[in-house]
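Beneath this line is the structure, given in C-alpha cells, with notes to follow.
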Amino acid sequence: MRYWLMKSEPDEVSFADVLKAPGKTVAWFGVRNYQARNFMRDQMQVGDGVLFYHSSCAVPGVAGIARVASGPYPDASQFDPASHYFDPKATREQPRWISVDVTAVEEGRYLPLSDMRGVPELEDMVLLQKGSRLSISPVTPGQWNKVRELMGL
DNA sequence: GCCAACGTTGGC
DNA sequence: GCCAACGTTGGC
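The opening residue of the first sequence carries number 1 in UniProt numbering; numbering runs sequentially from there.
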C-alpha cells in the first residue's frame, strides 16, 4: 500500500467530474512523462491512496482523496490522431503510455497549495520542491496523514 | 503573460 | 554520448 499525488487540470478533469462519473471512476490518461509513467507501471497497486491535485488553475491544491482502481493498461489517447495526447511513435503492438483507473473516495476541505507551504510535516513533499513538475509523485504515510488532517478528514 | 526549471530532440 | 536549442509545466 503506497500513497501518491496525481495532478489534473480541473478544466480537463476535476475531482467533481470524477465524483460524477459512473462508479466515481475515471481513466487517468495523458501522462507523457517517463518518470510518472514508470511510477504507474512499476509501483502503483490497486488500492493505493491518491491525493487528487488541481494544477494550472486559479487556486492550485488538493481537491480530494481517491484510490487506484486498476492495474496499468495502454492509454487510449496515444493512438487517437484527434487527441491532444496523440503520440505518432506509439503503436498498438508497442504502446508507450499507460493509464490506470482512479476512483474518488472522499472530498474533504479543499487544501490550497499556499496552505501546504510552511507546514513542517509537508516540507519534503515532492510537490513542494523547487522546480518540481512531476505529475505523479510518491507521498509518505506521514504526509498523507497530515494532508488528510488539514482537509478535515 | 512571465519565466524558472526541467525534459526532449537531434546534429555532430 | 554531448549539449544547445527548443518545448512544456505550472506557479505567480
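Where a beta carbon is used, it is the ideal one built from N, C-alpha and C, also for glycine.
Secondary structure of residue i, DSSP reduced to three states
{"i": "E106", "result": "strand"}
{"i": "W97", "result": "coil"}
{"i": "P141", "result": "helix"}
{"i": "S132", "result": "coil"}
{"i": "P112", "result": "strand"}
{"i": "K7", "result": "strand"}
{"i": "G61", "result": "strand"}
{"i": "Q45", "result": "coil"}
{"i": "R32", "result": "coil"}
{"i": "L153", "result": "coil"}
{"i": "A16", "result": "helix"}
{"i": "P81", "result": "coil"}
Residue i beta carbon near the ligand FAD (any heavy atom closer than 7 Å)
{"i": "P95", "result": "The ligand FAD is absent from the structure shown, which contains no ligands of any kind."}
Residue from the options whose Cα sits closest to the Cα of residue i
{"i": "S99", "options": "F15, C57 and A69", "result": "A69"}
{"i": "M40", "options": "R148, A58, A16 and L134", "result": "L134"}
{"i": "D17", "options": "Y53, D42 and V31", "result": "Y53"}
{"i": "G118", "options": "C57, R37 and V147", "result": "V147"}
{"i": "R67", "options": "W144, R109, Y34 and G152", "result": "W144"}
{"i": "residue 224", "options": "D101, G142, E107 and K130", "result": "There is simply no residue 224 to check, as the chain begins at 1 and stops at 153 in what is shown."}
Residues bridged to residue i (per DSSP)
{"i": "A66", "result": "V50 and A104"}
{"i": "P74", "result": "I98"}
{"i": "T25", "result": "T103"}
Integer-rounded CB distance, given that residue j should sit under 8 Å from residue i
{"i": "L51", "j": "A104", "result": "Going by Cβ atoms, the distance from L51 to A104 rounds to 12 Å, so no, they are not a contact pair."}
{"i": "V13", "j": "V26", "result": "6 Å"}
{"i": "L150", "j": "D115", "result": "7 Å"}
{"i": "V62", "j": "L128", "result": "That pair is no contact at about 12 Å."}
{"i": "V139", "j": "Y3", "result": "4 Å"}
{"i": "P60", "j": "L113", "result": "5 Å"}
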